[in-house]
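All remarks here apply to the structure that follows.
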Amino acid sequence: MLGERPFSVPAGILAPSVGEEATPAHDVLGWLRAGGSLAVLAGFAYLLLLAWVYHHQERLIFRPAPLPATHRFALADVYEVAIPVAGATLSALHLRLPNPRGLIFFLHGNSGNAADWLRSTDFYRAANYDLLLLDYRGYGKSGGRIESEEQLRADVRAAWQAIAPAYAGRRMVIYGRSLGTALAAGLAAEVQPDLTILVSPYCSMRQLMRQHHPLLPPALLRYPLATCADAAGIDGPLLLVHGERDSLIPIAHSEQLAAVAPHARLLRVADAAHADVHEFPAYGSELMRALQALPANPSEEGE
């Protein structure tokens, strides 16, 4: 048709070659049954994996480093604070300066403990801000274990309520890093601090799950941690800081946050990745600028 040459079927592909016997039908059926059995086993293994992830996902999300009860923190002017919560007692580090401008309420990332996250108080002294750095359940000297997002958010709220009254009339700053950014955004939307700082934030844990584990259904996740949804409710200034080379949480997450938060500003740190963004000079200088830009306390205005 249309001048085409007849198509000859090559031997051995669609037809047996000369001298080759056709595969018996019962052998074909055997292979089909074996393939079906393998598919069933693979499907069963996948369901077992989903069940394990659903019930044990805390092991994948949270990487606590416990400390013995006898551990002592050795930084000057830093005191350990015990915060009672439902079924446990949380440990927090509290830097107390003589006459601070206010408080930075610090929610750290998913690994380590407060001792890892607070190696020096120089920045806070230079800014003249006190610090409250909370260890989640199972981290550092905090008791209990994380069991749900609701519990985690309730613990953060309890820690805030335990410390905030002491700073009435002073500047209040909520800071979140990596995992802690969702918790910080949620608390900030509730209490409306003078400034919210989110470093290496994610729009939601479900979005991160789709990026890093595309074969797992997002509905499996019991910790959606929707930072973008909470950030939209923050009325005050919001500073976003993100490394441009962050492959764990790409900077597109901060770009999404900047698009939904009404008063957000994004600092893009060139050459910074996820874990080293705080080592770049632009990080410290921008945080200091944002803190010093806050209105003075009433006591300072009268001086």
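Just add 194 to the spot in the sequence shown (first one is 1) and you have my numbering. Yeah, the Cβ is synthetic: ideal placement off N, Cα and C, and Gly gets one too. Predicted, not measured: the structure shown is a model, and the values here were computed from it.
8 Å CB neighbourhood of H457 in its chain, flanking five on each side removed: I428, D429, G430, P431, L432
Through-space distance from Y273 to L289, alpha-carbon basis: 6 Å
Start and end residues, alpha helix (DSSP H) containing H406: 399-406
Limits of the unbroken beta strand (DSSP E) element including G370: 365-371
For L325, the three-state DSSP class (helix, strand or coil): Of the three classes helix, strand and coil, the one that applies to L325 here is strand, per DSSP.
Reduced DSSP category for E252 - H, G, I as helix; E, B as strand; rest coil: helix
Same chain, Cβ closer than 6 Å to V212, neighbours up to 5 away in sequence not counted: Confidence at V212 is low in this model, with a pLDDT of 48, below 50, so its placement is unreliable and the value that follows should be read with caution. Excluding positions up to five away in sequence, the list is empty.
Beta-carbon proximity list for A464, same chain, < 6 Å, skipping 5 on both sides: E438
Test item: CB-CB of T421 and T375 under 8 Å: yes
Q251 versus L261, P278, L410, residue with shortest Cα-Cα distance: L410
Limits of the beta strand (DSSP E) - the one that A549 falls within: The question about residue 549 has no answer here: the residues shown for the chain are numbered 195 through 497.
Whole-angstrom distance between F300 and L326, CA atom to CA atom: Spanning the two alpha carbons is a distance of roughly 6 Å.
A446 versus S285 - alpha carbon distance: If I take the Cα positions, the gap works out to 34 Å.
C-alpha distance - A358 paired with A259, whole-angstrom precision: C-alpha separation (whole angstroms): 27 Å.
Residue burial classification, P395 (beta-carbon count within 10 angstroms, cutoff 16): buried
Residue(s) in a DSSP beta bridge with E274: Per DSSP, L287.
Reduced DSSP secondary structure (H/G/I, E/B, other) of S478: Checking the sequence, you will find Gly at residue 478 rather than Ser. Of the three classes helix, strand and coil, the one that applies to G478 here is helix, per DSSP.
Touch test, the segment 378-397 against the segment 475-487, Cβ-Cβ under 8 Å, three pairs minimum: Taking a cut-off of 8 Å for Cβ pairs, the segment 378-397 and the segment 475-487 touch, as three or more such pairs fall below it.
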